[in-house]
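First up is the structure itself, then whatever we jot down about it.
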Amino acid sequence: MNATVPRRIKARLGRLSLARQMLALQVVVVGVTVAGGIMLAAFQTRDLLVDEAARTAGATAVSVAASPSVLDALDDPDPSAALQPYAERVRLEAGLDFITIMSTAGLRYTHPDPGRIGGRFLGNTAPALAGTTFTETYTGTLGPSVRAVTPVRDAGGRVRALVSAGITIEKISAQLRERVVGAVLTGALGLSAGTAGTYLVSARLRRQTHGMRSAELSRMYEYHNAILHAVREGLLLLDGEHRLTLSNDGARELLGLPAGAEGLHVADLGLPPSLAESLDSGEDRADEIHLTGDRVLVVSCAVVRSGSRSLGTVVTLRDHTELQALTGQLDAERGFAESLRSAAHEAANRLHTVVTLVELGRGEQAVAFATAELRAAQQLTDRVVGAVREPVLAALLLGKTAEAAERGVELRIDPESELDDVTLDARDLVTILGNLIDNAVEAATGGAPPAVVSVRLRGDDGVFLFRVTDSGPGLGPEAAEEAFRRGWTTKGDGRGLGLAMVAQAVRRLRGTVEVARAGEGTVFSVRLPLPDAAPGSGRDEP
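Numbered according to numbering that gives the first Met the number 0, the sequence shown spans residues 0 to 541.
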């Protein structure tokens with residue numbers, strides 16, 4: 000039975016929301032504290048009242064015993080006639096319940112009840128007869144009382160009589176009740192104020208916890224914690240001052256966050272400047288692309304607000320590195336397909352020309368025209384394949400040559416180019432060379448004619464060299480420094496990503512990239528270390 004009661008109480012508490020449990024707990028704590036305080040105050044007040052009664056009785060008894068009129072009255076045949084009025088007057092003024100003047104034998108000369116005059120004093124008198132003033136609690140004719148007894152001495156120091164003064168316990172208890180009532184009223188007021196304050200706090204807690212019970216909150220925390228660590232996407236929670244309060248495993252892996260990063264400002268997390276600026280902006284952002292050392296991240300920020308006040312920011316991170324690489328390859332394949340379409344269109348035009356020449360009876364001219372076209376195409380293929388024996392890059396150059404020709408740009412392969420198979424990631428090579436050629440073609444179309452892009456590829460002494468030169472208007476020193484920043488573009492639309500991808504791929508391959516002026520145009524030079532020294536031509540790079 001005794002073990003069942005706590006279980007029932009626990010079950011009932013479990014059905015209450017966390018706010019109501021907190022309210023009940025705090026009301027009990029405040030109630031017990033106030034009740035304990037009142038009880039402690041009552042005990043202390045009782046002791047103080049008893050001490051105060053003893054001091055008052057002792058001081059009054061000593062004062063009466065020292066009065067000359069008392070000694071004079073003791074010599075009269077009827078001492079009570081003079082001492083009774085005097086004792087009652089002093090008693091009323093001192094607020095005592097009795098003042099008894101008696102002989103050394105204990106016979107009363109005075110008493111609040113005149114009918115008890117002449118009777119024997121009830122209590123101890125031995126210490127007073129010995130000349131000592133003392134106090135005690137004793138039950139006399141008026142009930143239990145706190146009393147003091149002191150001797151009355153004559154001029155020679157001889158004890159002539161005794162004086163006893165006291166306050167009944169009933170009167171002390173009445174004073175105690177008055178003070179306890181005041182303390183209870185004060186405690187009740189404090190309990191009411193504490194309960195009201197606790198209710199307001201609990202109401203706010205109930206709003207913040209949506210009225211959920213502690214078990215539900217615990218379960219929700221476990222679920223959320225499991226979800227945070229289970230999702231592959233990165234998640235960051237920032238407070239109102241843009242300090243990191245939470246990061247899941249995905250975010251720590253994607254951003255390379257240091258141990259103990261929680262509590263740091265986003266500017267101190269070692270993030271790329273553009274990403275740190277976005278997180279520190281305090282604005283909603285959707286699907287922004289940012290580059291870290293070796294990743295392409297899609298970042299979204301959602302600001303959490305309460306009214307007009309910002310509580311923090313929720314940041315999601317998605318890794319698009321592989322997707323971006325596949326997109327680049329898809330763009331390259333699309334370019335190849337477009338080049339093939341254009342070539343097929345041109346071939347159809349030339350075929351119609353050859354057929355028409357044959358129908359007109361000009362066979363020799365038809366053969367000469369067809370032979371010249373085949374020779375030009377074969378020369379381009381031979382020049383590219385002969386210089387670049389890396390199949391992926393050779394295919395890329397052939398496609399980019401046709402694509403550049405469509406835009407009125409001549410793509411030239413430097414005669415000094417010579418490159419065998421390399422053991423570098425083909426996707427990174429396509430990203431680097433493809434984006435450099437695309438930017439060079441774009442720049443060349445904005446320059447003075449003729450529009451020319453020159454590409455040089457060499458593999459010497461364990462170093463793979465890309466060099467792409469255009470005939471465009473060129474880049475100034477400031478633009479050259481900013482060229483590889485995400486969002487930079489000569490179009491000024493803030494969407495530039497190609498050169499930033501180049502820089503990222505170069506870093507991933509532990510290479511270097513340089514930008515310089517080449518006449519009126521720009522030259523981009525990329526040097527990549529080869530894992531194994533690729534056989535070169537044996538010639539020094541001019």
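Ideal Cβ placement from N, Cα and C applies to all residues, glycine included.
- The DSSP assignment places complete alpha helix (DSSP H) segments of no fewer than 4 residues inside the segment 256-324 at 272-278, in order along the chain.
- In this structure, G233 lies away from L350, with their beta-carbon atoms at least 8 Å apart.
- Around the beta carbon of V28, a 10 Å sphere encloses fewer than 16 other beta carbons of the protein chains shown; the residue is thus reported as exposed.
- Note on geometry: alpha-carbon atoms of V429 and L392 lie some 7 Å from one another.
- Here the alpha carbon of L24 sits roughly 12 Å from the alpha carbon of G193.
- The Cβ neighbour count for M38, taken over all protein chains shown within 10 Å, is under 16; the residue is labelled exposed.
- The segment 42-54 makes no contact with the segment 75-84: fewer than 3 CB pairs, one atom from each, lie closer than 8 Å.
- By the 16-neighbour rule on beta-carbons within 10 angstroms, T136 is exposed.
- In chain order, R526, L527, P528, L529 place their CB closer than 8 Å to the CB of V462, counting only its own chain and leaving out the 5 sequence neighbours on each side.
- If you compare the alpha carbons of E287, R231, A34 with that of A182, the shortest gap goes to A34.
- Of the residues A365, V452, V421, the one whose Cα lies closest to the Cα of G407 is V452.
- The straight-line gap separating the alpha-carbon atoms of V297 and H223 is approximately 23 Å.
- When secondary structure is reduced to three states using DSSP, F133 falls in the strand class.
- Between the segment 85-98 and the segment 163-179 there are three or more C-beta pairs closer than 8 Å, enough to call the two in contact.
- As computed with DSSP, M101 is found in a beta bridge with R107, L161.
- The DSSP-derived three-state label of P76 is coil.
- For D459, the uninterrupted beta strand (DSSP E) run begins and ends at 451-459, by DSSP.
- Taking the Cα positions, D153 is about 42 Å away from F42.
- By the neighbour-count definition (other C-beta atoms within 10 Å, threshold 16), M500 is a buried residue.
- Pairing L418 with R457 gives a Cβ-Cβ distance under 8 Å.
- Annotated as distal: C300 and T291, with beta-carbon spacing of 8 Å or more.
- E409 is bridged by DSSP to V451.
- Residue pairing by DSSP puts R146 in a beta bridge opposite E135, G165.
- Membership of V512 in the beta strand (DSSP E) is indicated by the continuous run 511-517.
- In the three-state DSSP reduction, D46 falls in the helix class (H, G or I).
- With respect to E221, L245 sits apart: the two C-beta atoms are not nearer than 8 Å.
- Considering only G189, S172, T103, P448, the residue with the shortest C-alpha distance to V145 is S172.
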